[in-house]
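Working notes, structure below.
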Amino acid sequence: MSEDEYRAIREGKRDALSALGLNPYEVRTPPRKPNGVLREEFDAAEKTATEENPAVLKDCAIAGRVLANRKMGKKAIFLDVYDGSGKLQVYMNEKGIGVQGMSIYENLDLGDFVWVKGDVQRTRTGEITLFASELRFLTKALGVPPLPREFTDEEGNKKSVDALTDSELRHRKRYLDLMVHGDVRERFVQRSTVVTTIRHYLEGEGFLEVETPMLHPVPGGARARPFITHHNTLHMNMYLRIAPELYLKRLLVGGFERVFEINRNFRNEGIDHTHNPEFTMLELYEAYADYERMMELTQGMIVAAAKALRGNDDLKFQWNGHQIELTPPFRRAKYADLFKEHVGFEMTDKDKVAAEAVKLGIDPKQDYWNTVNEILEHHVEPTLIQPTFLIDYPTAICPLTKSKPDNPDIAERFELFIGGVEFANAFSELNEPVEQLRRFEEQVELGKASQDVEAPKEVDYDYVEALEAGMPPAGGLGVGIDRLVMLLTGTDSIREVILFPHMRREHLNQQDASVQRARIAIESVLEELDSPELRKIEGFKQLHDRLAELVGHARVLLGDPKEETKQG
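Numbering-wise, my numbering comes out as the position in the sequence shown, counting from 1, plus 6.
Right, here's the structure in full:
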């Protein structure tokens, strides 16, 4: 049968329930206990039970979704009823639930929600089961749930085939994914555990959780292309925040000494297995601290989250094709040392840097130190498998960071890498207003000269004014929550740890659909080319950037107003 035919059958059953005087979308649910609680109570009762007096829990009630319906002979019915705590088997027959209950059962489909009351005991096969004495209907599901298909193979073995394996469909219809895949539900429970553990860890360190604006008048705090919107009342463009940094540091100026925020950032950039334009970030700032203290906090939080997730002290995790050992202390390595070790020359050797940039296809228009950093990203970052604090970056690419007291060309900054992926970024925060203004203005000018779409387009003078009021010496830290959850749950794609990742629109009119198909065709080339292996090929980045430019032109031809504005 087609999906429409299945739906018509379910709609008929919905109407039949209404004809019986029942509400197929009940307003209130009678008292009940979670399945997991009943199972625990039954296990406890069995400890004092005997063969003559087996354990029984009288007059228990549950509610949940029916995901299995088995008839045994003419009278016996078994349902698998799921709630947020798991499954409980229900046994029913007409003698137990009566004529009214059987009328409800006859209009029951997989995916429907029911309330069931009865005694809980074990069946002869050992399954904890609720023997129903009352059945009530709660919600009719009109859609057919994508449940696993069970079958018996030629050798008589029972097997099942997952009916929901397409990753795009799972991400687009996450509610179905969660409904039928217990491991997916568990992953998001684990995500919550990670966030809660980090929050409690920081509170234990004396940090105050705060909320700062999502809409910024000036984008800042990181190098990224922002999403733009317009405030109609104020008649001004505003930007979804790319980082909360400058607002959090204003709080240090105001007298708060330890603050943190766990919230969304937005960056108008590509999507791959570790990047999503909307992502969750922890940022924190501590007065009278520096990047050494930030390393201590980073290490402590990650270890605490790992132990909370495991429930023990085992700190070995399989991720990204590697066994990761999170036992502290994490390795420390200097930026300049690893550059020379893996690239083969000093990062200050301009002729060799220029030659390597040509070899890797790096944009020759961008400034020198960003070129150095791209070379390091290519040669060094993929080698940082075990947790490594990459420390002491060039000051020229750290506009918000204090330089080392004995070397103004080196900044007190680190990034934490695990499995070849960046997990954290931290500084000894720059608090000198005159120097901050100079760096902001230099950053804007360099961005204009190199036509860098990620560089800031204007100076945040209000932030500079805040620094003039005096900000104490401080350390600051940002940690990518999504990537940390990926690591701790052994997940390869960021989409698997975000409940509702960004997807292309599914329902479009015919003209929009044609345009969308054309965009998909040209953009899919870039997505297919986005792999670590291909990035290692000489000249690949230059080819990739040229294709990205062609995609931008194609968008204009296909009527994307944002691209017309950008290019016009």
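Just so it is clear, CB atoms sit at the ideal spot from N, CA and C, and this is done for glycine as well.
Inter-residue spacing [alpha-carbon to alpha-carbon] between residue i and residue j
i, j, result
"F157", "G350", "59 Å"
"L23", "N113", "7 Å"
"P283", "R247", "11 Å"
"K93", "E32", "22 Å"
"Q106", "A50", "34 Å"
"R316", "Q196", "10 Å"
"F575", "V43", "The structure shown does not extend to residue 575, since the chain spans only 7 to 574, so no value can be given for it."
"H348", "P388", "11 Å"
"T377", "K165", "55 Å"
"V122", "D168", "28 Å"
"S434", "L505", "34 Å"
"T203", "A314", "7 Å"
"L85", "L182", "20 Å"
"I381", "T401", "16 Å"
"G574", "L221", "Bear in mind that the predicted position of G574 carries a pLDDT of just 37, short of 50, making it unreliable; the figure below should be weighed with that in mind. In a straight line, the C-alpha of G574 is about 25 Å away from that of L221."
"L73", "N437", "59 Å"
"V186", "A363", "49 Å"
"R193", "R155", "23 Å"
"E512", "G90", "29 Å"
"L452", "D373", "7 Å"
"I403", "G484", "17 Å"
"M7", "L28", "28 Å"
"P411", "L344", "22 Å"
"D488", "N431", "14 Å"
"A339", "F395", "6 Å"
"A342", "T239", "50 Å"
Integer-rounded CB distance, given that residue j should sit under 8 Å from residue i
i, j, result
"G486", "F285", "7 Å"
"R205", "E215", "7 Å"
"R576", "V459", "It is not possible to answer for residue 576, since the shown part of the chain is limited to 7 through 574."
"G367", "L553", "In fact, because the Cβ distance is near 12 Å, the residues do not count as touching under 8 Å."
"K101", "R20", "At roughly 27 Å, the Cβ-Cβ gap does not stay under 8 Å, so K101 and R20 are not in contact."
"P500", "H177", "First, the amino acid is wrong: residue 500 is Ile here, not Pro. Actually they are not in contact, since the Cβ atoms of I500 and H177 sit about 11 Å apart, beyond 8 Å."
"M477", "V259", "5 Å"
"A480", "A295", "6 Å"
"L148", "R13", "6 Å"
Neighbourhood of residue i by C-beta distance below 8 Å, restricted to the same chain and skipping five residues each side
i, result
"K322", "Q329, I330, E331, L332"
"D2", "Absent from the model: residue 2. The displayed extent of the chain is 7 to 574, so no value can be given."
"A312", "L321, F323, L332, L494"
"L490", "V200, I308, A311, F429"
"G18", "none"
Enclosing alpha helix (DSSP H) for residue i [first to last residue]
i, result
"Y291", "Where Y291 is concerned, there is no enclosing alpha helix (DSSP H), although the beta strand (DSSP E) it sits in stretches over 284-293."
"L315", "297-316"
"D343", "341-349"
"N376", "374-385"
"G107", "100-112"
"S434", "No alpha helix (DSSP H) holds S434; the beta strand (DSSP E) holding it covers 427-434."
"T129", "Unbroken run through T129: none, as it is neither H nor E."
"S173", "173-178"
Other residues of its chain near residue i: CB distance less than 7 Å, five sequence neighbours each side excluded
i, result
"I424", "I330, P393, L493"
"P567", "Caution applies to P567, whose pLDDT of 43 falls short of 50 and renders its modelled position unreliable; the value that the coordinates give is listed next. Taken in chain order, the list of residues that qualify is empty."
"E47", "L63"
"M78", "F84"
"S109", "L26"
"E275", "A230, R231, H281, P283"
DSSP beta-bridge partners of residue i
i, result
"P414", "Note: P414 sits in no beta bridge, so no partner."
"C66", "G124"
"E11", "DSSP, once it has assigned bridges, lists no residue as partnering E11."
"Q329", "Q324"
"N610", "The chain is shown from 7 up to 574; residue 610 falls before or after that span and cannot be answered."
"N75", "L85"
"L258", "Looking at the DSSP assignment, L258 forms no beta bridge with any residue, so it has no partner."
"F119", "R71, T145"
"H187", "DSSP lists no partner for H187."
"Y207", "DSSP output for Y207 lists no bridge partner at all."
"I277", "Answer by DSSP bridge pairing: none, since I277 is not bridged."
"H237", "M242"
Residue interval of the beta strand (DSSP E) (run including residue i)
i, result
"Q449", "Not the beta strand (DSSP E): Q449 falls in the alpha helix (DSSP H), residues 439-456."
"D398", "394-400"
"L141", "134-145"
"F233", "That residue, F233, is in no beta strand (DSSP E); it is neither H nor E in DSSP."
"R38", "Taken as a continuous stretch (DSSP letters only), R38 belongs to no beta strand (DSSP E), as it is neither H nor E."
"Y467", "Run containing Y467: none in the beta strand (DSSP E); it sits in the alpha helix (DSSP H), 467-474."
"L246", "242-246"
Residues near residue i in its chain [Cβ-Cβ closer than 6 Å; skip 5 each side]
i, result
"V265", "L214, V216, L254, L257, Y291"
"D10", "none"
"R142", "W121"
"W325", "G425, L493, G496"
heavy atom of the ligand FMN below 7 Å from residue i C-beta
i, result
"G92", "Ligands displayed in this structure: none; no statement on the ligand FMN is therefore possible."
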